[in-house]
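Colleague:
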Amino acid sequence: MIPLYWWLIVAAALFCIGLYGVLSRRNAIGVLMGIELMLNAVNVNLVAFWRYITPQAMTGQVFAIFVITVAAAEAAVGLAIIIAAYRRRDTVVVDDMDIMRW
Amino acid sequence: MEFIFYLVPLIPILPLLAFAAVVLFTHRNNRLSSNIVIGATVLSTLISWLVVLATISGGESVQAGGWNLSIPWLPTGSTTLNIGFMVDGFTAAMLFMVPFVCLMIFIYSQGYMKLGQPNQDPRYARFFAYMALFAGGMLLLVVANNLLLLFIAWELMGLCSYLLIGFWSFRDRDHEEHIDHAQVGRARAAALKAFITTRIGDVLLFAGMALLYSYTGTLIFRDIFRPETLESLQSIRLLGMPAVTLIALLIFGGAVGKSAQFPLHVWLPDAMEGPTPVSALIHAATMVAAGVYLVARTLPLFIAGFAGVDAPALYWVAIIGAITAFFGATIGLAQDDIKRVLAYSTISQLGYMMMALGLGGLVAGIFHLLTHAFFKALLFLGSGSVIHGMEHGHHAAPSEQEKGHFNPNDIKTMGGLRHKMPRTFLPYMAGTAALIGFPIITAGFWSKDEILAEAFHLWQETGGLSLPFWVWLAGTLGAFITALYMGRQTALVFWGQPRHAAAEHAHESPPSMTVPLAILAVFAIIGGYFNAPFLGSLLHHFMGEVHEASEVVSSAAVPFQPVVALVSSLMAILGFALGWAIYRNYRLGEVEPFQRWLGPVFTLLRNKYYVDELYHLIIIRPVVWLANQAFNFDSRWVVDPLVNLMGAVGRLASSFSLSFDQVAVDAGMVEGTAKAFNAFGGWLRQTQTGRAQNYLLVVAVTVLLLVGLYLYL
Numbered sequence: 145m146i147p148l149y150w151w152l153i154v155a156a157a158l159f160c161i162g163l164y165g166v167l168s169r170r171n172a173i174g175v176l177m178g179i180e181l182m183l184n185a186v187n188v189n190l191v192a193f194w195r196y197i198t199p200q201a202m203t204g205q206v207f208a209i210f211v212i213t214v215a216a217a218e219a220a221v222g223l224a225i226i227i228a229a230y231r232r233r234d235t236v237v238v239d240d241m242d243i244m245r246w
Numbered sequence: 017m018e019f020i021f022y023l024v025p026l027i028p029i030l031p032l033l034a035f036a037a038v039v040l041f042t043h044r045n046n047r048l049s050s051n052i053v054i055g056a057t058v059l060s061t062l063i064s065w066l067v068v069l070a071t072i073s074g075g076e077s078v079q080a081g082g083w084n085l086s087i088p089w090l091p092t093g094s095t096t097l098n099i100g101f102m103v104d105g106f107t108a109a110m111l112f113m114v115p116f117v118c119l120m121i122f123i124y125s126q127g128y129m130k131l132g133q134p135n136q137d138p139r140y141a142r143f144f145a146y147m148a149l150f151a152g153g154m155l156l157l158v159v160a161n162n163l164l165l166l167f168i169a170w171e172l173m174g175l176c177s178y179l180l181i182g183f184w185s186f187r188d189r190d191h192e193e194h195i196d197h198a199q200v201g202r203a204r205a206a207a208l209k210a211f212i213t214t215r216i217g218d219v220l221l222f223a224g225m226a227l228l229y230s231y232t233g234t235l236i237f238r239d240i241f242r243p244e245t246l247e248s249l250q251s252i253r254l255l256g257m258p259a260v261t262l263i264a265l266l267i268f269g270g271a272v273g274k275s276a277q278f279p280l281h282v283w284l285p286d287a288m289e290g291p292t293p294v295s296a297l298i299h300a301a302t303m304v305a306a307g308v309y310l311v312a313r314t315l316p317l318f319i320a321g322f323a324g325v326d327a328p329a330l331y332w333v334a335i336i337g338a339i340t341a342f343f344g345a346t347i348g349l350a351q352d353d354i355k356r357v358l359a360y361s362t363i364s365q366l367g368y369m370m371m372a373l374g375l376g377g378l379v380a381g382i383f384h385l386l387t388h389a390f391f392k393a394l395l396f397l398g399s400g401s402v403i404h405g406m407e408h409g410h411h412a413a414p415s416e417q418e419k420g421h422f423n424p425n426d427i428k429t430m431g432g433l434r435h436k437m438p439r440t441f442l443p444y445m446a447g448t449a450a451l452i453g454f455p456i457i458t459a460g461f462w463s464k465d466e467i468l469a470e471a472f473h474l475w476q477e478t479g480g481l482s483l484p485f486w487v488w489l490a491g492t493l494g495a496f497i498t499a500l501y502m503g504r505q506t507a508l509v510f511w512g513q514p515r516h517a518a519a520e521h522a523h524e525s526p527p528s529m530t531v532p533l534a535i536l537a538v539f540a541i542i543g544g545y546f547n548a549p550f551l552g553s554l555l556h557h558f559m560g561e562v563h564e565a566s567e568v569v570s571s572a573a574v575p576f577q578p579v580v581a582l583v584s585s586l587m588a589i590l591g592f593a594l595g596w597a598i599y600r601n602y603r604l605g606e607v608e609p610f611q612r613w614l615g616p617v618f619t620l621l622r623n624k625y626y627v628d629e630l631y632h633l634i635i636i637r638p639v640v641w642l643a644n645q646a647f648n649f650d651s652r653w654v655v656d657p658l659v660n661l662m663g664a665v666g667r668l669a670s671s672f673s674l675s676f677d678q679v680a681v682d683a684g685m686v687e688g689t690a691k692a693f694n695a696f697g698g699w700l701r702q703t704q705t706g707r708a709q710n711y712l713l714v715v716a717v718t719v720l721l722l723v724g725l726y727l728y729l
């Protein structure tokens, strides 16, 4: 059976890819997609820890379902904001959305 | 009749109320104001005369023992100062004279201040208010039963004296067209002089009162004059003399100031700058009499102070009186101002009263005080009428003399006025006759004669060239000189030919002025019979017993001395005839006969023995010098420079403080802190980029660092 840390490495790699996407993409849609990747890396971790450490309890799976739900909601809200911002400012470039500065 | 005495407090209160009413409410209405004052005085006079009647009918118990009303007034710790009123024979005698003379003068003032005429005095109502205040003060003084109340009234009169002498110095510069600035200056100087000079006496009097109170604990006359009190005062020694002598001398000092006795007589002649009714009221009939009244009232103290040979309190009264009587009369010889002649005459006559008191002749002194008040008020009012007539004559005269250089008071410019002003002339002659002591028919004869008889009698008892002899001599010579200067004055004023255009055009004064003259003239003639020896010396019986309670004063009437009466009658007639004959045909511009004959002596007299100059030299100049030095010390040399130095040091220190504040505190600390934070914030705010990815990067790096720290530390 594949050892646990392999899954952890995959999850970590996925998280880093997501984080990199979040930090480096200039398109707001790309940032959102990076966030999805990071959330799913967490989900991988949650399911892996459930399967290898506490297979008798359902908490890991349930928590993963919650995260998926929240991620769906987050994607919906995030896309709505981006569409609104796009309509108002005619751009989806994150670097241009800097009105919250001094 | 007892209940009448409870009206006594009203006697002084009514004029005081009139004063308050005029000053506070009615001073815009001149006629109403003077009517209020005169009405109050009429009431006062009526009450006073009722009291006199009650005193007469009350018999010896009232006349000698007196009626007394004492009110606790000022609690001072362990004791209480009482004020109150008293009436005895002495007070009653004064009450007969004072309000009545005041009333006559007030009625006269209506005419003198030109009520209802176009040139009416602009401060007419104010004048009557002051006069009422003054009358209230004098009446209060007379009915006071203690020294404290007497002193209050005394000072009240001092104030009124100042206000009234200086009455024409407070001119309304906005509403009067012709202000004689020289007159304003003279009036102001005279008012100040009177106030300050009498103040010297007042301080002495107050010191005497304080001593008396500290030893006896009371200021009520009746208590002070108890024999045991006087004895205890005699036994205490103070400054090498019995305490009672010192107290008596201090009180006498007050009387010297108020009654214008030598050496404090200098204020009275200058006080003639006031309106003439003021001269009559204050400086002849009443206020100056207050000093004599005070000495008479406290005579037991003087007599107790006389007990030892080394304690001559009473002698001093006689000596000062004699000096004043004689020298005052001589100065009167050389004066040209009609009122100044009368002023020196007043000084001289007050000297006679002091003389009498100094010889223990209480009744003689007071008798002369009463008769003198009538005839001197008459003479002053008469002189006012003459001045009034001369002013009118001056205005009516064709302006051959330059206007403005005419002095209506100068007797040398008058003459022949007996035809122009007969209703002034006759009363004036009555007053003159009384003043010189024209034999038998005038009041002045009887009262002056009694004083001289008193001195003569004492001389006969002591013999040799003792004090009574000198007093008698001074009095007799003074009587001669009095007659001489009155002869000169009346000759210049009423006889001969008019010496000036103003005198030719002079005319009679209105009835409001001449009627009081006539009434006073009646009293100047008959006033003497109250105490004439051949009518039984009524006044002696009436008030002679006043001080009997103190068992020191003898009140027996001195027997009539034909020699004295003869000598003084001769003096009077001779002096008057001489003065009259010499001056009747005097012409304006000539050298005066007296000046021709007496030469330097006349100059000495005209300059009043240079007493004013002497005082100027030995008192005023040193005082002014001292004041200047004090001023220099204060403003130039020490105090002000010191103050300025302290100010400069303070300014220097505060300018340092200011720079420190501005540089170190404001710029350095307060603004520096703000600037530092501003700069720091300006730098720090650059981190707030507004880009979510930057923030997130920071968060990620921080998390990585924290995890790294957690793992490897």
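Same order as they appear, the protein sequences are chains A and B.
Take 145 as the starting number for the first sequence in my numbering and just add one per residue.
Take 17 as the starting number for the second sequence in my numbering and just add one per residue.
Positions of the beta carbon are idealized from the N, C-alpha and C atoms, including for glycine.
The model shown is predicted, which means the values in this text are computed figures rather than measured ones.
Since Thr448(B) and Arg515(B) should fall inside the 8 Å C-beta cutoff, what is the C-beta to C-beta distance between them, to a whole number of angstroms?
Modeller: Contact flag wrong, Cβ pair sits at about 20 Å.
Colleague: Nearest by alpha-carbon distance to Ser49(B): which of Met129(B), Lys209(B), Glu171(B) and Pro258(B) is it?
Modeller: Looking at the Cα atoms, Met129(B) is the closest of the given residues.
Colleague: Can you list, in chain order, the residues of its chain with a C-beta nearer than 6 Å to that of Ala345(B)? Leave out the 5 residues immediately preceding and following it.
Modeller: These residues qualify, in order along the chain: Ser364, Gly494, Ile497 and Thr498.
Colleague: Can you find a C-beta in chain B that's less than 8 Å from the C-beta of Val221(A)?
Modeller: False, the Cβ-Cβ gap to chain B never drops below 8 Å.
Colleague: Rounded to a whole number of angstroms, what is the C-alpha to C-alpha distance between Phe546(B) and Lys464(B)?
Modeller: If I take the Cα positions, the gap works out to 14 Å.
Colleague: Using a Cβ-Cβ cut-off of 8 Å, state whether Asp234(A) counts as contacting chain B.
Modeller: Taking Cβ atoms only, chain B never reaches closer than 8 Å to Asp234(A), which makes this a no.
Colleague: Using a Cβ cut-off of 7 Å, which residues of the region 156 to 175 of chain A contact any Cβ in chain B, in chain order?
Modeller: Under the 7 Å Cβ criterion, the region 156 to 175 of chain A contributes Leu163, Val166 and Leu167.
Colleague: Quick check: the Cα distance between Gly182(B) and Ile252(B), rounded to an integer number of angstroms?
Modeller: Their Cα atoms are separated by approximately 44 Å.
Colleague: For Met587(B), does the three-state DSSP call read helix, strand or coil?
Modeller: Reduced to three states, the DSSP call for Met587(B) is helix.
Colleague: Taking C-beta pairs closer than 7 Å, name the residues in chain B that Met244(A) reaches, listed in chain order.
Modeller: Gly706, listed in chain order.
Colleague: Quick check: what's the CA-CA separation for Val714(B) versus Gln678(B)?
Modeller: Answer to the nearest angstrom: the Cα atoms are 44 Å apart.
Colleague: I think Gly100(B) touches Leu85(B), with their Cβ atoms under 8 Å apart; what is that distance to the nearest whole Å?
Modeller: Right, their Cβ atoms sit about 5 Å apart.
Colleague: For the putative contact between Ala36(B) and Val53(B), defined by C-beta atoms under 8 Å, what is the C-beta separation to the nearest angstrom?
Modeller: Contact flag wrong, Cβ pair sits at about 11 Å.
Colleague: Keeping to the same chain, check which residues put their C-beta closer than 6 Å to that of Val272(B); ignore five residues upstream and five downstream.
Modeller: For Val272(B), where only same-chain residues beyond five positions count, the Cβ hits under 6 Å are Gly217 and Leu280.
Colleague: Are the C-beta atoms of Ala3(B) and some chain A residue less than 8 Å apart?
Modeller: Beyond the ends of chain B as shown, which are 17 and 729, falls residue 3(B); an answer cannot be given.
Colleague: Taking the alpha-carbon positions, what's the Leu451(B) to Leu297(B) distance?
Modeller: Using only the alpha carbons, I get a separation of about 17 Å.
Colleague: Using beta carbons (cut-off 8 Å, strictly below), is Val206(A) in contact with chain B?
Modeller: Cβ-Cβ to chain B under 8 Å: no for Val206(A).
Colleague: Per DSSP, Trp83(B) is paired with what?
Modeller: In the DSSP output, where bridge partners are listed per residue, Trp83(B) has Val103(B).
Colleague: State the CB to CB distance for the pair Trp151(A) and Val188(A), rounded to an integer number of angstroms; the pair is presumed to be in contact (CB under 8 Å).
Modeller: Between Val188(A) and Trp151(A) the Cβ distance is about 6 Å, and since that is below 8 Å, they are a contact.
Colleague: Return the residue from the list Val531(B), Trp65(B), Ala518(B) and Tyr444(B) that minimises the CA-CA distance to Thr506(B).
Modeller: For the residues Val531(B), Trp65(B), Ala518(B) and Tyr444(B), the minimum Cα distance to Thr506(B) belongs to Tyr444(B).
Colleague: On the criterion of 16 or more Cβ atoms from any shown chain inside 10 Å, does Glu629(B) qualify as buried, or is it exposed?
Modeller: Under this definition Glu629(B) is an exposed residue.
Colleague: Using the three-state DSSP reduction, which class does Trp89(B) fall into: helix, strand or coil?
Modeller: If DSSP states are grouped into helix, strand and coil, Trp89(B) belongs with the strands.
Colleague: Which residues of chain A have a Cβ atom closer than 7 Å to the Cβ of Leu727(B), listed in chain order?
Modeller: Under the 7 Å cutoff, chain A gives no residues; its nearest Cβ is about 14 Å from Leu727(B).
Colleague: What number of angstroms, rounded off, separates the C-alpha of Ile161(A) from the C-alpha of Glu180(A)?
Modeller: Distance between the alpha carbons of Ile161(A) and Glu180(A): 11 Å.
Colleague: Could you give the distance in angstroms between the alpha-carbon of Arg169(A) and the alpha-carbon of Ser675(B)?
Modeller: Between Arg169(A) and Ser675(B), the C-alpha separation is close to 60 Å.
Colleague: Can you list the residues of chain A that Gln678(B) reaches, using a CB-CB cut of under 7 Å?
Modeller: In chain order: nothing, as chain A lies at least about 33 Å away.
Colleague: Do three or more CB pairs link the region 113 to 129 of chain B to the region 286 to 303 of chain B at distances below 8 Å?
Modeller: Judged by Cβ distances under 8 Å, the region 113 to 129 of chain B makes contact with the region 286 to 303 of chain B, as three or more pairs qualify.
Colleague: Does DSSP classify Val654(B) as helix, strand or coil?
Modeller: Coil at Val654(B), not helix or strand.
Colleague: If we count the other Cβ atoms within 10 Å of its Cβ and call it buried at 16 or more, is Ser584(B) buried or exposed?
Modeller: Buried, by the Cβ-count rule.
Colleague: Just checking: is the beta-carbon of Val188(A) within a distance shorter than 8 Å of some beta-carbon in chain B?
Modeller: For Val188(A), the answer is no, since every Cβ of chain B falls outside 8 Å of its Cβ.
Colleague: Counting only beta-carbon atoms, is Leu713(B) nearer than 8 Å to chain A?
Modeller: So yes, Leu713(B) belongs to the interface.
Colleague: Using a Cβ cut-off of 8 Å (strictly closer), state whether Val214(A) contacts chain B.
Modeller: It does not: the Cβ of Val214(A) has no partner Cβ on chain B nearer than 8 Å.
Colleague: So for Ala205(B), helix, strand or coil by DSSP?
Modeller: Residue state, collapsed to three classes: helix.
Colleague: Taking Leu730(B) as the reference, which of Gln133(B), Glu520(B) and Leu586(B) has the closest Cα?
Modeller: This structure does not reach residue 730(B), given that chain B is present from 17 up to 729, and the question cannot be answered.
Colleague: Is there a C-beta anywhere in chain B that falls below 8 Å from the one on Val237(A)?
Modeller: Chain B, which has no Cβ nearer than 8 Å to the Cβ of Val237(A), makes this no.
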